[in-house]
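A.B. asks: Sequence positions in the sequence shown follow mature numbering (1 follows the signal peptide of the UniProt record, and there is no 0) and run -27 to -1, 1 to 265.
Structure below; questions to follow.
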Amino acid sequence: MPSTNSTLRLAFGFSIATLLACASAQAQDLAARVPARIKEAGKLVVGTSPTYPPLEFKDPMTLKLTGLDIDLSEEIGKRLGLKVEWREQSFDQLINSLDTARIDMGASGMTDIPARREKTDFVDYFSTGTQLFTMPAVGADLKKVEDVCGKPVSVNRNGIFYIRMQDFNQKTCVAKGLPEVKYVLVDKTADARVQLLQGRVVAAAMGVDAIRYLNEQKDSPDRGKFTLIGEPVAIDYAGFGFAKSNSALRDVVADAVDAMIKDGTYGKIFDKWEMPYATVKATMINAEPRRK
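Given below as C-alpha cells:
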C-alpha cells in the first residue's frame, strides 16, 4: 500500500501534468484560429509609436523596444504561434496602417473612443485616464483641476488628451463661469511635458499611467519632479487596434489576453511596469463586455 506522501506526490504530479496539458491544448486552439493569411506568413505585424513610457519606448542604452505593450504583444504572439514583427510609426498613422493592412495590430496605448471605432475595432485591456500635472516651481497654487482654468496648459493635439481637455474646459471651466483653458498644443505627448519643464506652461495633460511612471519609477530621470493635480479629468479604456475586416484576429487576440489574465501572466506584466492599478478583469470589445 503506498504511503500518504507517495499518494500526495502522485496527485500533485497528476495535477501539474493536467494543467500543462490544458495549457498546451488551449495554445493549439488559439493558434488554429489565426487567420490563414497571417498563419501562412508566420508573423504578427504590430504597429507602435515608441515614445510613451511605460507603454512603449526605446531603452536609452540599447535602443531596443520595451514597455508594457511590447511585453503583452510578444506574449500574444507566442500564444498564437507567431513571431511579432514591429513596425514603428507616428501615432496618427496607426489607424490608417490598420485600414490599409500594412499592420495587423496596433499596440500603442490607443484609447478606445467612438470616433476611432468608425474604422477600427479595439480589444480593451487596461484602464487609463487624462491626468493634469504641474511642477512646484511654476504651479504650486494648482491644487484642484479647476485651478488650471484660464491658465496655459500643454497637450498633444493629436490624441485623446486634447479631446478630454476640451470636454473638461466646457464641463468644468465654462460651466462654472471660470476662464477657459489656454491650450499650448504640441505634436507629441512627450513635448507637452517638455513645455512644462521649460516653464512655458503651468500645467500639462497626459495619461495617468505615463506620468505616474515617469514621476514614481525608481530609475526615471524625472522622478519626483511633478505634482499631480487632483484626480484624472476623464477615465477611458485603451485597446489593441484592428481593422474592421479583421474581426477573426481581433477575437483570437482577445481570447489570448483573457487566458493571460486567467493564468496570471497579464498581472505579472502589469506589476513589472508598476501599473497594477490599470488592470482589468476581462477584455472588452469597443468598450463593451464580450459576448461569449
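Where is the CB? At the ideal position from N, CA and C, for every residue including glycine.
These figures come from a predicted structure and were not determined experimentally.
Could you please give the first and the last residue of the uninterrupted alpha helix (DSSP H) stretch that includes glutamine 168?
C.D. replies: Here the question's residue 168 lines up with position 195 in the sequence shown. Run containing glutamine 168: 162 to 170, per the alpha helix (DSSP H) assignment.
A.B. asks: Going by other Cβ atoms of all chains shown within 10 Å of its Cβ, with 16 needed for buried, is glutamate 29 buried or exposed?
C.D. replies: By 1-based counting over the sequence shown, the position of residue 29 is 56. Glutamate 29 counts as buried, since no fewer than 16 other beta carbons sit within 10 angstroms of its beta carbon.
A.B. asks: Helix, strand or coil for glycine 50 per DSSP?
C.D. replies: Residue mapping note: residue 50 aligns to position 77 of the sequence shown, counting from 1. Three-state result, glycine 50: helix.
A.B. asks: Identify the continuous alpha helix (DSSP H) that holds threonine 238 and give its terminal residues.
C.D. replies: Along the sequence shown, read from residue 1 onward, the residue named residue 238 stands at position 265. Run containing threonine 238: 238 to 245, per the alpha helix (DSSP H) assignment.
A.B. asks: With the cut-off set at 9 Å, would you say glycine 212 and phenylalanine 95 are in Cβ contact?
C.D. replies: Counting from 1 along the sequence shown, the entry for residue 212 is found at position 239. Counting from 1 along the sequence shown, the entry for residue 95 is found at position 122. Cβ atoms of glycine 212 and phenylalanine 95: closer than 9 Å.
A.B. asks: From alanine 88 to aspartate 224, what distance separates their C-alpha atoms?
C.D. replies: If you number the sequence shown from 1, residue 88 lands on position 115. If you number the sequence shown from 1, residue 224 lands on position 251. Those two C-alpha atoms are separated by around 21 Å.
A.B. asks: By Cβ distance below 6 Å, which residues in the same chain neighbour valine 57 in space, the five residues on each side in sequence not counted?
C.D. replies: By one-based count along the sequence shown, residue 57 stands at place 84. Counting only Cβ-Cβ distances below 6 Å, and skipping sequence neighbours, we find Leu17, Val19, Ser46, Glu47 and Gly50.
A.B. asks: Are the segment 108 to 126 and the segment 198 to 216 touching by the rule of at least three beta carbon pairs closer than 8 Å?
C.D. replies: yes
A.B. asks: Would you kindly work out how many angstroms separate the C-alpha atoms of valine 111 and lysine 235, rounded to a whole number?
C.D. replies: Translated into positions along the sequence shown, residue 111 becomes position 138. Translated into positions along the sequence shown, residue 235 becomes position 262. Valine 111 and lysine 235: Cα-Cα distance of roughly 45 Å.
A.B. asks: Name the DSSP beta bridge partners of leucine 222, please?
C.D. replies: Numbered from 1 along the sequence shown, position 249 holds the residue referred to as residue 222. Leucine 222 is not bridged to any residue.
A.B. asks: Within 9 Å of any Cβ in chain D, is that where the Cβ of serine 70 sits?
C.D. replies: Of the protein chains in the structure, only one exists, and it is not chain D.
A.B. asks: Between phenylalanine 141 and the rest of its own chain, which residues show a CB-CB distance below 6 Å, the 5 nearest in sequence each way excluded?
C.D. replies: Counted from its first residue, the sequence shown places residue 141 at position 168. Excluding residues within five positions, the ones whose Cβ falls inside 6 Å are Val206.
A.B. asks: Rounded to whole angstroms, how far is the Cβ of phenylalanine 215 from the Cβ of threonine 101, which I believe are closer than 8 Å?
C.D. replies: Here residue 215 is taken as the residue at index 242 of the sequence shown, counted from 1. Here residue 101 is taken as the residue at index 128 of the sequence shown, counted from 1. So it is not a contact: roughly 19 Å between Cβ atoms.
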